[in-house]
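Residue numbers (this note's numbering): 52 to 459.
Note that beta-carbon positions come from the ideal geometry of N, C-alpha and C, so glycine has one too.
Here it is in structure tokens:
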């Protein structure tokens with residue numbers, strides 16, 4: 052029995068579904084790709100357009116808004132404060148800014164799981180080579196869920212752990228709260244990637260050192276906005292590239308010139324120092340309208356009651372897995388009762404994720420496909436990714452099942 056098969060849960064789910072759909076005058080028909088790019092509400096759309104209009108009418112800098120409300124809205128989703136938030140253009144950019152500037156000394160050991168996102172894995176390998184870090188793969192079970200006993204036994208030798216809360220290619224929810232508690236007890240820094248989890252599952256109570264995320268997925272904000280939340284900021288943490296918006300010139304501490312190099316003006320010899328808080332990761336430029344829209348989307352999520360949204364999406368995921376598992380020989384990868392709405396399917400012999408996505412598009416359905424590069428250590432072949440947004444009717448999933456069976 053799913054969560055939504057009881058009367059009370061069904062009524063709550065219906066309320067969430069109706070409210071989410073009512074907030075959108077336009078939703079692409081057959082949308083099953085919330086994990087790729089969800090649909091902003093009318094309020095989010097209007098907020099973005101209104102700010103672009105202000106920039107056009109008054110000038111971009113004259114229209115500069117106070118982004119504290121947007122920072123507060125995002126921070127509240129993980130239990131942090133507005134000063135802990137920095138905006139970037141994407142989750143990948145946020146990860147690069149954070150890890151690229153993290154001054155871990157040579158010999159530091161960084162733990163990660165095989166579900167690590169492809170671009171983050173590339174970054175970790177480059178930084179390990181350049182800075183003398185050692186990468187340590189952490190043990191997982193058959194569902195690629197982090198083995199907590201294995202993590203506990205390895206924490207004593209680690210300096211930083213990187214965890215993807217829900218991977219882009221597999222809808223398994225990692226036990227983030229337990230991971231956070233183990234890392235804190237061991238004094239190990241924790242980076243939690245919430246790109247696929249924030250807005251879909253509970254992210255509070257983890258106590259991570261830092262979080263990276265994006266706007267366009269389950270929060271249903273605009274594209275072009277990502278964020279860092281760094282409530283555990285330490286002296287070793289700074290941006291990969293200092294900017295005037297997040298730093299100031301610290302006079303009186305001149306840098307040492309290289310032998311034979313020309314002398315520099317005093318201002319160029321002084322060291323830049325980060326401003327207090329996560330603003331050090333934020334550049335002076337950005338898509339301000341998208342950041343405003345992200346703040347509106349985060350407030351809308353809070354107003355809908357996050358716990359109710361999470362339960363509704365978990366129920367949708369369970370319904371989708373039971374409808375799709377076995378259709379045309381396709382098999383669901385994660386457990387059928389996994390409490391997420393990110394559903395992945397492994398193709399039968401003779402079929403492929405890209406072919407199925409193309410057939411689905413022909414039937415008016417928008418689904419995703421995760422290539423091997425998304426998680427090269429964990430994904431042996433591309434998978435079909437189905438991620439229904441709130442309010443998705445079961446008939447849409449039945450239509451996809453018919454597509455996979457070759458009957459649509």
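Near residue i, which residues of its chain fall below 6 Å by C-beta distance, leaving aside the five closest residues on each side in sequence?
i	result
residue 294	334 and 335
residue 112	none
residue 163	213
residue 62	none
By Cβ distance, which residues of its chain are closer than 8 Å to residue i, with the 5 residues on each side in sequence left out?
i	result
residue 287	153, 154 and 155
residue 309	At residue 309 the pLDDT is 41, less than 50, meaning the model places this residue with poor confidence; the figure from the coordinates comes in the next sentence. Nothing meets the Cβ criterion.
residue 157	182, 183 and 184
residue 384	221, 222, 395, 396, 397 and 434
Could you spell out where the alpha helix (DSSP H) holding residue i opens and where it closes?
i	result
residue 360	357-375
residue 152	142-152
residue 409	404-413
residue 232	227-237
residue 454	445-456
residue 93	93-109
Starting from residue i, trace the beta strand (DSSP E) both ways and give me its first and last residue.
i	result
residue 2	This structure does not reach residue 2, given that the chain is present from 52 up to 459, and the question cannot be answered.
residue 419	419-421
residue 277	277-280
residue 188	185-188
residue 264	261-265
residue 170	It is not in any beta strand (DSSP E) - residue 170 instead sits in the alpha helix (DSSP H) that spans 169-182.
residue 194	Note, residue 194: premise wrong, no beta strand (DSSP E); not H, not E.
residue 395	394-397
residue 136	136-139
residue 240	240-244
For residue i versus residue j, is the C-beta distance shorter than 9 Å?
i	j	result
residue 349	residue 128	yes
residue 262	residue 239	no
residue 230	residue 254	no
residue 207	residue 216	no
residue 175	residue 186	yes
residue 402	residue 379	yes
Does the beta carbon of residue i come closer than 9 Å to any beta carbon on chain D?
i	result
residue 66	The structure shown contains no chain D; it holds only a single protein chain.
For a test of the three-state rule: what should DSSP assign to residue i, helix, strand or coil?
i	result
residue 127	helix
residue 432	coil
residue 219	coil
residue 117	coil
residue 350	helix
residue 71	helix
residue 79	coil
residue 382	strand
### Query
Just checking, does the stretch 409-428 make contact with the stretch 76-86 on the three C-beta pairs under 8 Å criterion?
Counting C-beta pairs with one atom in each stretch, the stretch 409-428 and the stretch 76-86 have three or more that are closer than 8 Å, which means they touch.
### Query
So, do the stretch 239-248 and the stretch 127-147 have three or more beta carbon pairs nearer to each other than 8 Å?
Inter-segment contact for the stretch 239-248 and the stretch 127-147 is present: three or more beta-carbon pairs are separated by less than 8 Å.
### Message
For the stretch 133-146 against the stretch 262-276, do three or more pairs of beta-carbon atoms, one drawn from each stretch, fall closer than 8 Å, so that the two count as touching?
### Response
Touching, yes.
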